[in-house]
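Everything below concerns the one structure shown next.
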Amino acid sequence: MSPLSEFLAMGGYALFVWPAMAMVAVVLGGLLFESLRQLRSAEADLAAVEDRARNGSRR
Amino acid sequence: MIDLATFANPARFSRIAGRVFPWAVGATAVLMAAGLYFALFASPPDYQQGESVRIMYVHVPAAWMALSSYTLLAVASAVALVWRHLLADVVARAMAPIGACFTFLCLVTGSLWGKPMWGTFWVWDARLTSVLVLFFLYLGYLALQNAFDDPARGLRASAILALVGFVNVPIIKFSVDWWNTLHQPASIKLGGPAIDASMLVPLILMTLAFEAYFVTVLLLRMRTELVRGKLRSARLRAAEADEYLPNIGKPA
Amino acid sequence: MKPKRRRLYLLLAGLGGLGVATALVLKAFNDNLVFFYSPTDLKTKTIPPERRMRLGGLVETGSVTREGATIRFRITDGANAVPVVYTGILPDLFREGQGVVTEGALATDGAFRAASVLAKHDENYMPREVADALKAAGQWKGASAKP
Numbered sequence: 014m015s016p017l018s019e020f021l022a023m024g025g026y027a028l029f030v031w032p033a034m035a036m037v038a039v040v041l042g043g044l045l046f047e048s049l050r051q052l053r054s055a056e057a058d059l060a061a062v063e064d065r066a067r068n069g070s071r072r
Numbered sequence: 000m001i002d003l004a005t006f007a008n009p010a011r012f013s014r015i016a017g018r019v020f021p022w023a024v025g026a027t028a029v030l031m032a033a034g035l036y037f038a039l040f041a042s043p044p045d046y047q048q049g050e051s052v053r054i055m056y057v058h059v060p061a062a063w064m065a066l067s068s069y070t071l072l073a074v075a076s077a078v079a080l081v082w083r084h085l086l087a088d089v090v091a092r093a094m095a096p097i098g099a100c101f102t103f104l105c106l107v108t109g110s111l112w113g114k115p116m117w118g119t120f121w122v123w124d125a126r127l128t129s130v131l132v133l134f135f136l137y138l139g140y141l142a143l144q145n146a147f148d149d150p151a152r153g154l155r156a157s158a159i160l161a162l163v164g165f166v167n168v169p170i171i172k173f174s175v176d177w178w179n180t181l182h183q184p185a186s187i188k189l190g191g192p193a194i195d196a197s198m199l200v201p202l203i204l205m206t207l208a209f210e211a212y213f214v215t216v217l218l219l220r221m222r223t224e225l226v227r228g229k230l231r232s233a234r235l236r237a238a239e240a241d242e243y244l245p246n247i248g249k250p251a
Numbered sequence: 003m004k005p006k007r008r009r010l011y012l013l014l015a016g017l018g019g020l021g022v023a024t025a026l027v028l029k030a031f032n033d034n035l036v037f038f039y040s041p042t043d044l045k046t047k048t049i050p051p052e053r054r055m056r057l058g059g060l061v062e063t064g065s066v067t068r069e070g071a072t073i074r075f076r077i078t079d080g081a082n083a084v085p086v087v088y089t090g091i092l093p094d095l096f097r098e099g100q101g102v103v104t105e106g107a108l109a110t111d112g113a114f115r116a117a118s119v120l121a122k123h124d125e126n127y128m129p130r131e132v133a134d135a136l137k138a139a140g141q142w143k144g145a146s147a148k149p
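Protein chains in written order, with the numbering used here: chain W, 14 to 72; chain V, 0 to 251; chain Z, 3 to 149.
Right under this line is the structure:
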């Protein structure tokens, strides 16, 4: 068995070790992504409202 | 509702957070890389569990984060209830989803370890059940926050839930000592860990990595909460300016 | 009293009451929170035969025999031992001297018919070489005698 496939086999526990690691990656990555998305959208909304307020006052 | 003194704090917080954030991001990246390297490559298999011990390096840190996040959530909720400190609300709100994610990871990775080692994905012993209750407490907290039209009432209700749920934290911690459970007792305790040094390294590195990740995402989410707060008051002002509302409609 | 003070006292009193209530509830349900019974419990608590329950302890060294898919072994807690009969797949951690939790019922012949066998892990983590070195040096404390 090559070193790589031996590593991937995890001594017969591949079916448990890799899904566990994948879950960690998906959940932590997903939360980070979602948090960033929420910040961007909140900032965009705020910029839009402030922009409208400034233009409105000039009117 | 909010006086000038409490506005000063979020402003100071934003300044400090801006300075800490890049370091938190860097620390997360470095510690995650080092932790995963040790967890997956540079540590030996266990004499009993073989390679499946590697699940432990994400399971145990996730469990610690789940518990410490909840403790912090309870403290922030108490401060918010008693002193009505604006930042405490922001911290609690921003933190709950992170804690829920760590609790979920703790349950899933534990289950994936339990199947080959114990012979089952799940048992209803005191430890596993109390951690499941912790997960539902997080979910309840998040649901209750948005259950009210008035965000202030939602925060108060969820803060009370967080405090009531805190009794679960010592139950989780000591469940393995008070009752006999399928789950093993703690390996890291006063009087020295029951873990070999070569396996302690990945465990500590992954814990630090999770802590750094927690700080990173917490700062991000707190900033989001503060921007949303500004957005709410900007919208109120805009509505007043547009419709020439009399001053009585204003939140005092 | 200032409202802040009042809220703080109210909160502390509430938490104190909650803590006491929880402690009392846990005390009352103590028996139901036990995940498994030990062989000694089985002797002293007079559990009726055929009642479904869990039995936990260490697999007695040298007690495991196999006939086809049926495994017979004894579960011990040091003081008492109960013979167990089980047919099925064993978890990877099942071995002599290791903690197990079995679920099943006590048959009228005094043997425990297990429907499932779960292995219990102890809190010790070490590489094989360290375990072997400890055994060689006579420092081995065994698979954590606590079941």
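Glycine included, every Cβ here is placed at the ideal spot set by N, Cα and C.
A quick note: this is a predicted structure, and the numbers were derived from the prediction, not measured.
Quick test of your reading: residue i and residue j, contact by CB under 8 Å. State the CB separation rounded to the nearest angstrom.
i	j	result
S48(W)	V216(V)	5 Å
F209(V)	A61(V)	7 Å
R222(V)	Q144(V)	The pair is not a contact, with the Cβ atoms about 18 Å apart (cut-off 8 Å).
A65(V)	T102(V)	4 Å
Y88(Z)	A116(Z)	4 Å
L162(V)	S76(V)	5 Å
F20(V)	L141(V)	24 Å between Cβ atoms; not a contact.
L92(Z)	I73(Z)	7 Å
Alpha carbon to alpha carbon, what distance is there between residue j and residue i?
i	j	result
L230(V)	R130(Z)	59 Å
V61(Z)	V130(V)	29 Å
I194(V)	R227(V)	45 Å
M55(V)	W177(V)	23 Å
V107(V)	R97(Z)	26 Å
P51(Z)	W112(V)	33 Å
L26(Z)	S68(V)	27 Å
L17(Z)	W31(W)	42 Å
R7(Z)	A79(V)	13 Å
A238(V)	V166(V)	44 Å
I1(V)	L207(V)	At I1(V) the pLDDT is 47, less than 50, meaning the model places this residue with poor confidence; the figure from the coordinates comes in the next sentence. Spanning the two alpha carbons is a distance of roughly 36 Å.
I170(V)	E69(Z)	43 Å
A145(Z)	S110(V)	Any reading at A145(Z) must be qualified, since the residue scores a pLDDT of 46, below 50, and its modelled position is unreliable; no value is offered.
Q48(V)	N8(V)	50 Å
E19(W)	Y26(W)	11 Å
W22(V)	V132(Z)	38 Å
A158(V)	K29(Z)	27 Å
I187(V)	D124(Z)	12 Å
G45(Z)	A107(Z)	The sequence given here has Lys at residue 45(Z), not Gly. About 14 Å.
D58(W)	V40(W)	27 Å
V59(V)	L127(V)	13 Å
M198(V)	M128(Z)	7 Å
V22(Z)	A125(V)	19 Å
D94(Z)	D45(V)	13 Å
R236(V)	A87(V)	25 Å
A66(W)	Q51(W)	23 Å
K4(Z)	R152(V)	22 Å
M183(V)	L20(Z)	It is worth fixing the name first, because residue 183(V) is Gln in this sequence and not Met. The straight-line gap from Cα to Cα measures roughly 28 Å.
P16(W)	G24(W)	12 Å
Going by Cα to Cα distance, which pick from the options is closest to residue i?
i	options	result
A35(W)	A10(V), S197(V), A28(V) and L39(V)	L39(V)
N82(Z)	E98(Z), G59(Z) and A71(Z)	G59(Z)
P96(V)	L138(V), V122(V) and V57(V)	L138(V)
A132(V)	F147(V), P115(V), G164(V) and L141(V)	Correcting the residue identity first, residue 132(V) is Val in this sequence and not Ala. Nearest of F147(V), P115(V), G164(V) and L141(V) to V132(V), Cα basis: G164(V).
S51(V)	F46(W), E63(W) and A22(W)	A22(W)
V74(V)	P9(V), L160(V), R234(V) and E239(V)	L160(V)
Y39(Z)	T24(Z), M55(Z), R115(Z) and F31(Z)	M55(Z)
N126(Z)	G101(Z), T63(Z) and A139(Z)	G101(Z)
T110(Z)	D124(Z), T48(Z), D79(Z) and I73(Z)	T48(Z)
L45(W)	L225(V), S174(V), V214(V) and A233(V)	V214(V)
D57(V)	M205(V), A10(V) and F37(V)	Before going on, a small fix: residue 57(V) reads as Val here, not Asp. Ranking the options by Cα distance to V57(V), first place goes to M205(V).
P85(Z)	N34(Z), R53(Z) and G112(Z)	G112(Z)
E224(V)	F134(V), P150(V) and W123(V)	P150(V)
L57(Z)	G19(Z), P41(Z) and P5(Z)	P41(Z)
S174(V)	S118(Z), A15(Z), V36(Z) and T78(Z)	V36(Z)
L181(V)	G64(Z), V103(Z) and D33(Z)	V103(Z)
I203(V)	R14(V), R11(V), F147(V) and M31(V)	M31(V)
A196(V)	F37(V), R11(V) and V29(V)	F37(V)
L72(V)	L104(V), R14(V) and L154(V)	L154(V)
Practice problem: Closer than 7 Å, Cβ to Cβ, to anything on chain W: give me those residues from the region 172-193 of chain V, in chain order. | Solution: none
Self-check item: Cβ-based contacts, 8 Å cut-off: residues of the region 67-86 of chain V near chain W
Solution: none
Exercise. Could you run through the region 42-63 of chain V and flag, in chain order, every residue whose CB is less than 7 Å away from some CB of chain W?
Key: P44, G49, E50, S51, R53, I54 and V57
Quiz item: If you measure beta-carbon to beta-carbon, which residues of the region 56-70 of chain Z are closer than 7 Å to chain V?
Solution: G58
Self-check item: chain V contacts made by the region 51-71 of chain W, where a contact means CB separation under 8 Å
Solution: The residues in question are Q51, L52, A55, E56, D58, L59, V62, E63, R65, A66, G69 and S70.
Quiz item: Just by C-beta distance, which residues in the region 24-45 of chain W are closer than 9 Å to chain V?
Solution: G24, G25, Y26, A27, L28, F29, V30, P32, A33, M34, M36, V37, V40, L41, G43, L44 and L45
Practice problem: Check distances from the C-beta atoms of the region 100-114 of chain V to those of chain W and list, in chain order, the residues that come in under 8 Å. | Solution: C100, F103, L104, V107, T108, L111, W112 and K114
Quiz item: Is there contact between the region 75-84 of chain V and the region 109-123 of chain V, where contact requires at least three CB pairs shorter than 8 Å?
Solution: no
Practice problem: Identify each residue in the region 33-54 of chain Z for which the Cβ-Cβ distance to at least one residue of chain V is less than 7 Å, and report them in chain order. | Solution: L35, V36, F37 and F38
Quiz prompt | Residues from the region 190-223 of chain V in contact with chain W, defined by Cβ distance under 7 Å | solution = Taking 7 Å as the cut-off between beta carbons, the residues of the region 190-223 of chain V near chain W are Y212, V216, L219, R220, R222 and T223, in sequence order.
Quiz item: Relative to chain V, which residues along the region 124-144 of chain Z have a C-beta separation below 9 Å, given in chain order?
Solution: For the region 124-144 of chain Z, which is checked against every Cβ of chain V, the residues closer than 9 Å are D124, E125, N126, Y127, M128, P129, R130, E131, V132, A133 and D134.
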